[in-house]
Each structure stands twice: as structure tokens, then as C-alpha cells.
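Q: Mind having a look at this structure? Questions to follow.
2 protein chains.
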Amino acid sequence: MKVPVVDNVLKLNDEIAQSNRAMLRASHVFCIDLLGGPGCGKTTLLEATLAKFANELRVGVCVGDLATTRDADRLDRHAVQAVQINTGRSCHLDANQVKQALTHLPLADLDLLIIENVGNLICPVGFDLGQDVKVGMFSLTEGDDKAAKHPSIVTACDLMLLNKMDLAPHLTFDREQFRDEVGRLHPGLRLIELSSTDPNDAGFVHWLNWVRTAVQSQATLV
Amino acid sequence: MKVPVVDNVLKLNDEIAQSNRAMLRASHVFCIDLLGGPGCGKTTLLEATLAKFANELRVGVCVGDLATTRDADRLDRHAVQAVQINTGRSCHLDANQVKQALTHLPLADLDLLIIENVGNLICPVGFDLGQDVKVGMFSLTEGDDKAAKHPSIVTACDLMLLNKMDLAPHLTFDREQFRDEVGRLHPGLRLIELSSTDPNDAGFVHWLNWVRTAVQSQATLV
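Going line by line, the protein sequences match chains A and B.
Going by the working numbering, the first residue of the first sequence is number 1, and it counts up by one from there.
Going by the working numbering, the first residue of the second sequence is number 223, and it counts up by one from there.
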């Protein structure tokens, strides 16, 4: 009895994700699903990213959290529109929640939609939301073993960010080992080391260029 | 059809948790379930804790991770016995996994069993494993908004640790706000600020005393 129920839930999620994807593509909106553990710096990354793209890209954000509207409040000043999804006790966003959020977003006025998923390295990985790419995020303070301990997110993502590089002088973190383990799990995956609090630094500029190129390639495809 | 399936799963978990609890109490083993996000410092805390208790308490550990045996390997040198539970893609430990782990632990030779749950602030909260107490752990690098954004773990735990205090000079973290929000969610909850890398510091000594007192009170109860 149990397996068919789970199958239906995931199948239904994938169907809604495909419909979200079709709606976003029809509006020429590139969509990033940003995944990472709690406190790895997702919202700070997006604040700085949106500020940098202020005169260049029209960005909407959709933020998942169990409770509070803090992240959406922080991002609202920089985004065309920010939508908060409160999941209650649920540990990830699903396609239906994003579908609801899309009704609050002016898709015709956006170039880019960034979905900041619930802070969790595990559960959000398996849920297609209708995004074009998944970006995974670790931070230096979490320790150099996190890629090996969370292989699913490494294999699932299209770009990996390693945040909080500014704290490197105060931490023990084997960057070579981390990089090797990411490469073993997902050969060829681009890994960008950056600090969300240093948006003028080279690492952050690499991230901005990656987003810029991705949005442009999507615009060409459609 | 769906609700009864979920009900049965949770009811079955609770029955097995009660059986684990009875087995641990019969052997006079106090049991702590340690919960926190990925990279908040759970394993480093336990390494230092076990080293401090080396000549005082006989401690077993049971460690949950998606993949690798790294945490158990790190703890094995300090513990009477360390058991790793690899959950694959599953985001939390359940009572049945702990039941299996108990068969690998010499309960008669233990005073304390510490279960280091999978790094996740959300999913492990709802699962009773048979523990006596749940200890929740945040770290300074995760940001001062994490208690408000993860209320379930704050209300569920019997002690809250705030780790990585050694990094305070390099971070922006409003300790008053964090403390207020913890207090609002769980009035009277003890909050200990410490650094797992400074086990001789006052905060760490408070933590050791809390464990010592809890183990002793349990020994008196049985």
C-alpha cells in the first residue's frame, strides 16, 4: 500500500514542476533553485547578487522557510518581487508551493527567478520545482567533510558554491580535499569559492558572470 | 488512504522508541539525542566531551549520516564503542535504526549513550528514538535568526547549545536577540554558549556539568 502513495506524490510533483518550467520558459524567465544548509549564507549571497544586478537584470525571488518572513523581507528591497513560502514543519519546497508563488510574481517583468530553498542539505535535493539549474552551496565553517557526507546534493547540482572564504584565516579547512571530493562525486562540476560579504572580490565576480551567462544562454534558447 | 499510512509509520516508530528506552533504562544507560544543522560542530563537541569524560563516564556513541563513516571513525578512539548508521538519502534517524545500533553496543558497560543525529535542523525533531533528552545545537556562524526560523527544534529540546563562540570577533551575531527568541519559543530553556575547540573554557565546563548532572539524576531514578 505504501509505495504507490509515495510514487503518486513524486509523480504529481514532477508534473507540476514541468508545468512551472513551461510557464517560466514561455515568459523567458531563467530559474535557479539555490540549495544549502541552514546558515550557509544563501540570503546574504542573494542580497549582494540582487544589488549587483540592480541595473542589469530584473530578478524575482521566492524564499522557503519553516517560519518567519525574514528572508523575503531582506530580499524585497532589491528584488522586483519577493515571495515567502512558509512550509511549517516541512523540510523542503515542492513544485506545488512554487506554483502558488508564481501567481504572485510578475513573470512578464522578470529575467531571472531565484528560489531560495529551505535550509537543508538533504530533503530539497529530490524535488524538481521547475528550475533550469540547481546551485548547491556549502560554507567554509561547515567543515571540509560536507561534500562527502552529502553526496546527493553534489551530484544533483549544476554549480557548487563554497561560501565564507573570508573566515579562512580563522578555520581549519582542507580546500584541496574538499575540491577533490566534489570532483570525484561530480566530475567537471564548477566550484566557485567566494564570500557573500565581499561582493567585489574575484570569487563573487565569477558567480555573477556564471549567472549572467546562464540567463543569456536561456534567453537565446527560447 | 495516505493519512493512515503516515500514522502507522509514526506509531510504529514510537513503539520501537519506547522499547529502546526500556532497554536503555534497564541497563542504566542515560541517552542524549544531539540535533543540529550540518557543520554546526556536533562531532567536534563529542570528541572533546568524550576526551574530558575519559576517566569518569563510559560513553557509547551512535552516529547518523547519509554516507561515510567519518564521524564514527573520529569518535571511536574516545568511545567505549562507536556505531555509524548510514541513512542513504534519509534525512533523520528513526527508532528502528537505533534499535539495530543498540545490538552493537555493550549496554552493560555504558553509563551514557550519545546519538549524533543526521545534520538537519528540521526532520530529526519529530522522531522519538528512545532518548532521555534532546540537545539542540546552533552555531554562531549560522546567524542569529536560526532559532526563530527553526522553532520546532527549540521547543522540542531540553538544552540548547550555541557553538563556535571563538569566532564571535569575526562575525555579526546579535546574542541578545538570539537569546530572547529562544526564550520566547521555550521559556526557561537552558542555553549554553561554548566553543567545542575550547574545552577548558567556562561554557564547555557548563556543558560537561549539565551532562554529569543529567547522568547522575538518571542513575538515581532507576
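We put the CB at the ideal spot given by N, CA and C, even for glycine.
How about B/Cys284: is its C-beta nearer than 8 Å to some C-beta of chain A?
A: Your numbering for residue 284 of chain B matches position 62 in the second sequence. It does not; no Cβ of chain A falls within 8 Å.
Q: Please confirm whether A/His186 has its beta-carbon closer than 8 Å to some beta-carbon of chain B.
A: What you label residue 186 of chain A is simply residue 186 of the first sequence in a count that begins at 1. It does not; no Cβ of chain B falls within 8 Å.
Q: Comparing the C-beta of B/Glu237 with each C-beta of chain A, is any distance below 8 Å?
A: In the second sequence, the residue the question calls residue 237 of chain B occupies position 15. It does not: the Cβ of B/Glu237 has no partner Cβ on chain A nearer than 8 Å.
Q: Per DSSP, A/Asn55 is paired with what?
A: In the first sequence, residue 55 of chain A corresponds to position 55, counting from 1. DSSP, once it has assigned bridges, lists no residue as partnering A/Asn55.
Q: Can you grab the Cα-Cα spacing for the pair B/Ile238 / B/Val427, in whole Å?
A: Counting from 1 along the second sequence, the entry for residue 238 of chain B is found at position 16. Counting from 1 along the second sequence, the entry for residue 427 of chain B is found at position 205. Distance between the alpha carbons of B/Ile238 and B/Val427: 34 Å.
Q: Can the beta-carbon of B/Leu297 be found closer than 8 Å to that of B/Leu335?
A: Along the second sequence, read from residue 1 onward, the residue named residue 297 of chain B stands at position 75. Along the second sequence, read from residue 1 onward, the residue named residue 335 of chain B stands at position 113. It is not a contact, given that the beta carbons lie outside the stated cut-off.
Q: Measure from the C-beta of A/Leu66 to each C-beta in chain B and report whether the shortest distance is under 8 Å.
A: As a first step, residue 66 of chain A is located in the first sequence; it is residue number 66 there, counting from the start. Answer yes: the Cβ-Cβ gap between A/Leu66 and chain B drops below 8 Å somewhere.
Q: I need the straight-line Cα distance from A/Asn163 to B/Met245, nearest angstrom please.
A: Position 163 of the first sequence, counting from 1, holds the residue named residue 163 of chain A. Position 23 of the second sequence, counting from 1, holds the residue named residue 245 of chain B. Roughly 44 Å between the two C-alpha positions.
Q: Let me know the secondary structure DSSP gives B/Gly341 once reduced to three states.
A: As a position in the second sequence, residue 341 of chain B is number 119, starting the count at 1. B/Gly341 carries a coil assignment under DSSP once its states are collapsed to helix, strand and coil.
Q: Using C-beta distances below 6 Å, list every residue in its chain close to B/Pro226, excluding the 5 sequence neighbours before and after it, in chain order.
A: Counted from its first residue, the second sequence places residue 226 of chain B at position 4. Low confidence applies to B/Pro226: its pLDDT is 44, below 50, so where it sits in the model is not reliable, and the reading given next is rough at best. The answer is none, since no qualifying residue turns up.
Q: Please identify the residue among B/Gly405, B/Asn342, B/Asp388 and B/Phe275 whose C-alpha is closest to the C-alpha of A/Gly36.
A: Walking along the first sequence from the start, residue 36 of chain A turns up at place 36. Out of B/Gly405, B/Asn342, B/Asp388 and B/Phe275, B/Asn342 has the C-alpha closest to the C-alpha of A/Gly36.
Q: How many angstroms separate the CA atom of B/Phe349 from the CA atom of A/Arg58?
A: Position 127 of the second sequence holds residue 349 of chain B. Position 58 of the first sequence holds residue 58 of chain A. Between B/Phe349 and A/Arg58, the C-alpha separation is close to 42 Å.
Q: For a test of the three-state rule: what should DSSP assign to B/Ser374, helix, strand or coil?
A: If you number the second sequence from 1, residue 374 of chain B lands on position 152. Three-state DSSP puts B/Ser374 in a helix.
Q: Can you give me the Cβ contacts of A/Gln177 inside the same chain, cut-off strictly under 7 Å, excluding the 5 residues immediately before and after it?
A: Taking the first residue of the first sequence as position 1, residue 177 of chain A is located at position 177. Excluding sequence neighbours, A/Gln177 sits near Asp144.
Q: So, does the CB of A/Asn20 fall closer than 8 Å to a CB anywhere in chain B?
A: Locating residue 20 of chain A in the first sequence gives position 20, where the first residue counts as 1. Output row for A/Asn20: interface = no.
Q: If we call anything under 8 Å between Cβ atoms a contact, is A/Ala95 one with A/Asn13?
A: Numbered from 1 along the first sequence, position 95 holds the residue referred to as residue 95 of chain A. Numbered from 1 along the first sequence, position 13 holds the residue referred to as residue 13 of chain A. The answer is yes: Cβ separation under 8 Å.
Q: Looking at the unbroken beta strand (DSSP E) that takes in B/Gln452, where does it start and where does it end?
A: What is shown of chain B runs 223 to 444, which leaves residue 452 of chain B out entirely.
Q: What is the residue span of the beta strand (DSSP E) that A/Leu185 lies within?
A: Within the first sequence, the letter at position 185 stands for residue 185 of chain A. Element bounds for A/Leu185: not the beta strand (DSSP E) but the alpha helix (DSSP H), Arg175 to Leu185.
Q: Take B/Gly352 as the anchor and find which of B/Val231, B/Pro328 and B/Val251 has the nearest alpha-carbon.
A: The residue given as residue 352 of chain B occupies position 130 in the second sequence. Closest by alpha carbon: B/Val251.
Q: Does the separation of the CB atoms of B/Met387 and B/Leu416 fall below 8 Å?
A: If you number the second sequence from 1, residue 387 of chain B lands on position 165. If you number the second sequence from 1, residue 416 of chain B lands on position 194. Contact: yes.
Q: Can you give me the Cβ contacts of A/Gln84 inside the same chain, cut-off strictly under 6 Å, excluding the 5 residues immediately before and after it?
A: As a first step, residue 84 of chain A is located in the first sequence; it is residue number 84 there, counting from the start. Cβ neighbours of A/Gln84 beyond the five flanking positions: Val63, Thr69 and Ala72.
Q: Heavy atom of the ligand PLP less than 7 Å from the Cβ of B/Gly282, yes or no?
A: As far as ligands go, the structure on display features none, and thus does not contain the ligand PLP.
Q: Residues of chain A with a CB under 9 Å from the CB of B/Leu389: which are they?
A: One-based indexing of the second sequence puts residue 389 of chain B at position 167. Going along chain A in sequence order, the residues near B/Leu389 (Cβ under 9 Å) are Thr141, Leu167, His170 and Leu171.
Q: If contact means a Cβ-Cβ distance below 7 Å, which residues of the segment 247-280 of chain B contact chain A?
A: Gly259, Pro260 and Gly261
Q: How would you write the range of the beta strand (DSSP E) that B/Val320 sits in, first residue to last?
A: Mapped onto the second sequence, residue 320 of chain B falls at position 98. Per DSSP, B/Val320 belongs to no beta strand (DSSP E); it is in the alpha helix (DSSP H), Ala317 to Leu324.
Q: In the DSSP assignment, find the beta strand (DSSP E) that holds B/Ala304 and state where it starts and stops.
A: The residue you call residue 304 of chain B lines up with position 82 of the second sequence. First-last of the beta strand (DSSP E) with B/Ala304: Gln303 to Asn308.
Q: Can you list, in chain order, the residues of its chain whose CB lies under 7 Å from that of A/Ala108, leaving out five sequence neighbours each side?
A: As a position in the first sequence, residue 108 of chain A is number 108, starting the count at 1. These residues qualify, in order along the chain: Ser27.
Q: Using 8 Å for Cβ pairs, my map puts A/Thr141 next to B/Thr363. What's the rounded Cβ distance?
A: Indexing the first sequence from 1 puts residue 141 of chain A at position 141. Indexing the second sequence from 1 puts residue 363 of chain B at position 141. The Cβ separation is near 4 Å, so the contact holds.
Q: Between which two residues does the alpha helix (DSSP H) holding B/Asp295 run?
A: As a working note, residue 295 of chain B is residue 73 in the second sequence. First-last of the alpha helix (DSSP H) with B/Asp295: Arg292 to Asp298.
Q: Along chain A, which residues have their Cβ under 8 Å away from the Cβ of B/Ser374?
A: Counting from one through the second sequence, the residue named residue 374 of chain B turns up at place 152. Within 8 Å of the CB of B/Ser374, the CB atoms of chain A belong to Leu66 and Arg89, in sequence order along the chain.
Q: Would you kindly check if the distance between the Cβ of B/Leu315 and the Cβ of B/Val340 is under 8 Å?
A: For the purposes of this step, residue 340 of chain B is taken as residue 118 along the second sequence, with counting starting at 1. For the purposes of this step, residue 315 of chain B is taken as residue 93 along the second sequence, with counting starting at 1. Yes, they are a contact pair.
Q: Going by beta carbon distance, what residues of the same chain come within less than 7 Å of A/Gln216, once the five residues before and after it are set aside?
A: Taking the first sequence and counting its residues from 1, the one referred to as residue 216 of chain A is at position 216. None.
Q: For B/Met223 and A/Leu10, what's the separation of their Cα atoms in angstroms?
A: Counting from one through the second sequence, the residue named residue 223 of chain B turns up at place 1. Counting from one through the first sequence, the residue named residue 10 of chain A turns up at place 10. Interpretation of B/Met223 is limited by its pLDDT of 41, a score under 50 that renders its predicted location unreliable; no figure is taken from the coordinates.
Q: Helix, strand or coil, according to DSSP, for A/Val222 in the structure here?
A: Sequence index remark: in the first sequence, residue 222 of chain A carries index 222 (1-based). Below a pLDDT of 50, predicted positions are generally treated as unreliable, and A/Val222, at 49, falls in that range; the measurement from the model is reported next regardless. In the structure shown, A/Val222 sits in coil (DSSP, three-state: anything other than H, G, I, E or B).
Q: Taking A/Lys134 as the query, report the chain B residues whose CB atoms sit under 7 Å from its CB, ordered along the chain.
A: Looking up residue 134 of chain A in the first sequence gives position 134. Under the 7 Å cutoff, chain B gives no residues; its nearest Cβ is about 16 Å from A/Lys134.
Q: Would B/Gly341 pass as an interface residue toward chain A - the criterion being a Cβ-Cβ separation below 8 Å?
A: The count along the second sequence starts at 1 and reaches residue 341 of chain B at position 119. Cβ-Cβ to chain A under 8 Å: yes for B/Gly341.
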